[in-house]
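Protein chains in written order, with my numbering: chain A, 3 to 488; chain B, -15 to 260. Where a beta carbon is used, it is the ideal one built from N, C-alpha and C, also for glycine. The structure under discussion appears below in the form of structure tokens.
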Ligand SMILES: Cc1cc2nc3c(=O)[nH]c(=O)nc-3n(C[C@H](O)[C@H](O)[C@H](O)COP(=O)(O)OP(=O)(O)OC[C@H]3O[C@@H](n4cnc5c(N)ncnc54)[C@H](O)[C@@H]3O)c2cc1C
Ligand SMILES: Cc1cc2nc3c(=O)[nH]c(=O)nc-3n(C[C@H](O)[C@H](O)[C@H](O)COP(=O)(O)OP(=O)(O)OC[C@H]3O[C@@H](n4cnc5c(N)ncnc54)[C@H](O)[C@@H]3O)c2cc1C
Ligand code: SF4
Ligand code: SF4
Ligand code: FES
């Protein structure tokens, strides 16, 4: 079917089929069900195949979006997948969790007059097709270069760096502190948004590329960065350890039983599968009333996870208004549909003791928005005398994450910034230490999956160049020889 | 997978394991711990590394059966495997020449204290160990501790061997009768560490204790292990597990350890019912 049969905007943006709110809060299975082939086809026809596809600029890994969509139009899903894989090793994941409304779709030309093309949904559709039909589109590992690269952390930054480097023929080992690889993709983002077997399969693909994954290795404790070079024979190291240090509110009562960080709450439920307690051994604390504090993806995930553990009520307390919430629009909408009670313009001032050291409630104050602050968002100001109490037995604090210091503090000469982040060049991933590169949340602070992947990919290119110089002067020929496969 | 190469019972419900974990053994320093997951579906729980051997790549652990996870561990036999062992975690003990050091162990605390006492002795401290248990049968590692200190003093709650009373009382008595200490390390149940700190605080002896909040990741990612020391909130897995005992808020920690009490009971009841 030729695309120009349809006038621009004549086909409405196709909706993603979803489980009904009532059905989905009863389970952890995925909320969004994926587009049916005919619907995906219809959606692909909406794309204008722009000469200047601004959408590509909106994608941190510069997927050739019109090119993959054209192949969907032509029903060449395998071809579409090849285009995706050229730029993005984890399309099934990005198609699900990218904040498309702020990235590719925000600058889609069609979006100026009509609704933008559902790029993320199409990306997911193609990736799922490949996966479900067991198509093997894996690139071959490059010819062995004899170089060894260590990747610290198996989140999106580490995974994408590992994949790129393996394709170039380097021997790659990922070291992961936890018992399961995936970073936030496994311990943070819940099953109902990102099924864990998808993550597991992407990781399996890396293994097929020859990437080794060593779990239970905490770099800085089990092995030091310097030892990776001196004793383990690695030629370069990429650090992708994420932003995994939870902030607390620092208000009275935060040490009461029943108050925990979102990281703890989500790790217990996702990584340790506490939703299945007592069939598994790790419990999670869920009272009749749960309050989550924060407005980002982490807060939304915690609130929706809590709902599925069947308390009477889940409230979300955020100090600005709904418009300022940093979480993905789709997920805010999902949370509301599922019955999360939104308490906007509200800030907690203290946790209340039930008299026996357990949480009984949270005293809050209402806020109003004043002048914009440094971040450009209007600053919330407490309204005097507006204090009130939300009764709750569980409170989950999701007000952001800082940088974990284990690697930086045990690696002499590795510079860190004001917030403890590792200082690395945005384009190259180079740090203050020769042969040490970094990217993802540990450099930028908490950001997004695709930005972390982009950083891993860029750093991999630099690592590759660096390894060539180790071979004794990078010649263009040498580079061409080594990069030819894949 | 981490093989159990040797296993023996030290006392009722208390088992010593030698586990193959070469990377952990290589870097282990006294005071550090590992996170263990026995099998699929199991909890990640912390155990102190009692000893390590770089040559054979093994670490020694001592576990006391108090609930589901430690119960599961007790059932793993020689030649079988633990699913996950991650470490060495936590900051090593500050071991240097203090002068006269007293190491006070209560019950299972004898295990983590062993490498610390040895380390203290090796750098030239004069080391006294005060070893306590509820009764003689429950006392562990007595001979081993004897070899790593200059003086070993024994106390039991019921007086079945040594001093009749708590280790804290014995410590107080020794100090009153003229022994002086420049530094103390106390490891054992929370009330015991708190009692020891009351005594050492009286005499202004700097005292290190090892705290045992419930942990999940052990890398500083979840904040579940937070403790209050000198009014500051710290994460035991990365900032500790050893802290200045004279600044620890013992009451809030002991309360926090009850957080999952109901669920722990539920797990145990299931084990009892199903024999699983
Ligand atoms: C609950 C939640 C929901 C989110 N939702 C979205 C979303 O919908 N869309 C989106 O784009 N982004 C989302 N994000 C953000 C996104 O997940 C992160 O930006 C991204 O995962 C960062 O990737 P990373 O590779 O830098 O680090 P991480 O994913 O954090 O991975 C770091 C890994 O390194 C390991 N590690 C740490 N220290 C060591 C060490 N010393 N040795 C060995 N290993 C170590 C960690 O265990 C971890 O596995 C969400 C984040 C959270 C927490
Ligand atoms: C740094 C550190 C080092 C440790 N070293 C040792 C050791 O060398 N040998 C040893 O036997 N134990 C040690 N522990 C304690 C051990 O981790 C717990 O006994 C174990 O997690 C209990 O799990 P369970 O499922 O068997 O019992 P549960 O059913 O979970 O708990 C039973 C009882 O133990 C308490 N408890 C639960 N978790 C912990 C915990 N993490 N610490 C203390 N008490 C807990 C509960 O409050 C409850 O009263 C250490 C703990 C920490 C934090
Ligand atoms: S990776 Fe993310 S930003 Fe890029 S095209 Fe896909 S959904 Fe859009
Ligand atoms: S900007 Fe929008 S319409 Fe244009 S090519 Fe990209 S997705 Fe298609
Ligand atoms: S155990 Fe999670 S932060 Fe210490």
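For residue i and residue j, what's the separation of their Cα atoms in angstroms?
i              : j              : result
residue 29(B)  : residue 231(B) : 25 Å
residue 225(A) : residue 36(B)  : 16 Å
residue 145(A) : residue 437(A) : 22 Å
residue 289(A) : residue 183(A) : 30 Å
residue 265(A) : residue 205(B) : 7 Å
residue 382(A) : residue 326(A) : 11 Å
residue 270(A) : residue 254(A) : 25 Å
residue 4(A)   : residue 77(A)  : Its pLDDT being 46, under 50, residue 4(A) is placed unreliably in this model, and the value from its coordinates should be taken loosely. Their backbone Cα atoms lie some 12 Å apart in a straight line.
residue 26(B)  : residue 295(A) : 29 Å
residue 443(A) : residue 60(A)  : 19 Å
residue 486(A) : residue 272(A) : Below a pLDDT of 50, predicted positions are generally treated as unreliable, and residue 486(A), at 35, falls in that range; no measurement from the model is reported.
residue 81(B)  : residue 356(A) : 47 Å
residue 479(A) : residue 237(A) : Any reading at residue 479(A) needs caution, since the residue's pLDDT is 41, under 50, leaving its predicted position unreliable; the model's value is listed next. Residue 479(A) and residue 237(A): Cα-Cα distance of roughly 21 Å.
residue 146(B) : residue 140(B) : 6 Å
residue 200(A) : residue 30(A)  : 15 Å
residue 19(A)  : residue 200(B) : 36 Å
residue 267(A) : residue 67(A)  : 37 Å
residue 277(A) : residue 213(B) : 33 Å
residue 25(A)  : residue 129(A) : 26 Å
residue 88(B)  : residue 435(A) : 44 Å
Could you check which residue in the options has the C-alpha nearest to that of residue i?
i              : options                        : result
residue 1(A)   : 69(A), 246(A), 303(A)          : This structure cannot speak to residue 1(A), because chain A is shown only from 3 to 488.
residue 124(B) : 77(B), 209(B), 45(B)           : 45(B)
residue 329(A) : 341(A), 416(A), 305(A)         : 305(A)
residue 275(A) : 463(A), 262(A), 198(A), 45(A)  : 198(A)
residue 131(B) : 101(B), 108(B), 189(B), 31(B)  : 101(B)
residue 433(A) : 115(A), 452(A), 182(A), 413(A) : 413(A)
residue 174(B) : 10(B), 229(B), 43(B)           : 229(B)
residue -6(B)  : 18(B), -13(B), 47(B)           : 47(B)
residue 40(B)  : 59(B), 81(B), -11(B), 34(B)    : -11(B)
residue 421(A) : 17(A), 313(A), 51(A), 246(A)   : 246(A)
residue 63(B)  : 3(B), 119(B), 103(B), 24(B)    : 3(B)
residue 315(A) : 324(A), 292(A), 297(A), 301(A) : 292(A)
residue 391(A) : 232(A), 29(A), 367(A), 456(A)  : 367(A)
residue 335(A) : 63(A), 311(A), 302(A)          : 302(A)
residue 194(A) : 311(A), 147(A), 221(A)         : 311(A)
residue 176(B) : 188(B), -13(B), 154(B), 165(B) : 154(B)
residue 128(B) : 239(B), 34(B), 13(B)           : 34(B)
residue 400(A) : 454(A), 256(A), 472(A), 27(A)  : 256(A)
residue 45(A)  : 120(A), 216(A), 362(A)         : 120(A)
Provide the residue(s) that pair with residue i in DSSP beta bridges, ordered along the chain.
i              : result
residue 116(A) : Partner(s): none; residue 116(A) has no beta bridge.
residue -9(B)  : 1(B)
residue 364(A) : 353(A), 392(A)
residue -14(B) : 66(B)
residue 48(B)  : -2(B)
residue 16(A)  : In DSSP, residue 16(A) forms no bridge with anything.
Closer than 8 Å by beta-carbon distance: list the chain B residues that pair up with residue i, in chain order.
i              : result
residue 490(A) : Past the edges of chain A, shown from 3 to 488, lies residue 490(A), and the structure says nothing about it.
residue 156(A) : Within 8 Å Cβ-Cβ: nothing; residue 156(A) doesn't reach chain B, min ~13 Å.
Which bits of chain A does residue i rub up against, with CB to CB less than 8 Å?
i              : result
residue 38(B)  : None at all; the shortest Cβ gap to chain A is about 13 Å.
residue 244(B) : 285, 287
residue 52(B)  : 283
residue 59(B)  : Simply none; closest approach about 13 Å.
Residues of chain A with CB closer than 7 Å to the CB of residue i, please, in chain order.
i              : result
residue 222(B) : 408
residue 73(B)  : 220, 223
Which residues in chain B sit within 9 Å of residue i, going by Cβ to Cβ distance?
i              : result
residue 225(A) : 7, 10, 11
residue 246(A) : 201, 203, 204, 205, 206
Starting from residue i, find everything on chain B with Cβ-Cβ shorter than 7 Å and list it in chain order.
i              : result
residue 280(A) : 250, 251, 254
residue 76(A)  : Ordered by position in chain B, no residue passes the 7 Å Cβ test against residue 76(A), which lies about 45 Å from the chain.
residue 359(A) : 239
Can you pull the chain A residues whose beta carbon is under 9 Å from the beta carbon of residue i, in chain order?
i              : result
residue 27(B)  : 274, 282, 283, 284, 285
residue 70(B)  : 179, 180, 181, 217, 218, 219, 220, 223, 224
residue 217(B) : 250, 252, 256, 257
residue 47(B)  : Neighbours of residue 47(B) on chain A: none; closest Cβ ~15 Å, over 9 Å.
Would a check of beta-carbon distances place residue i closer than 7 Å to chain D?
i              : result
residue 247(B) : Among the chains of the structure shown, chain D does not appear; the protein chains present are A and B.
*Check each residue's C-beta against every heavy atom of ligand 5 and list, in chain order, those closer than 7 Å.*
Residues with their Cβ less than 7 Å from any non-hydrogen atom of ligand 5, running along the chain, are 266(A), 199(B), 200(B), 201(B), 202(B), 203(B), 204(B), 205(B), 206(B), 207(B), 208(B), 209(B), 219(B), 220(B), 221(B), 222(B).
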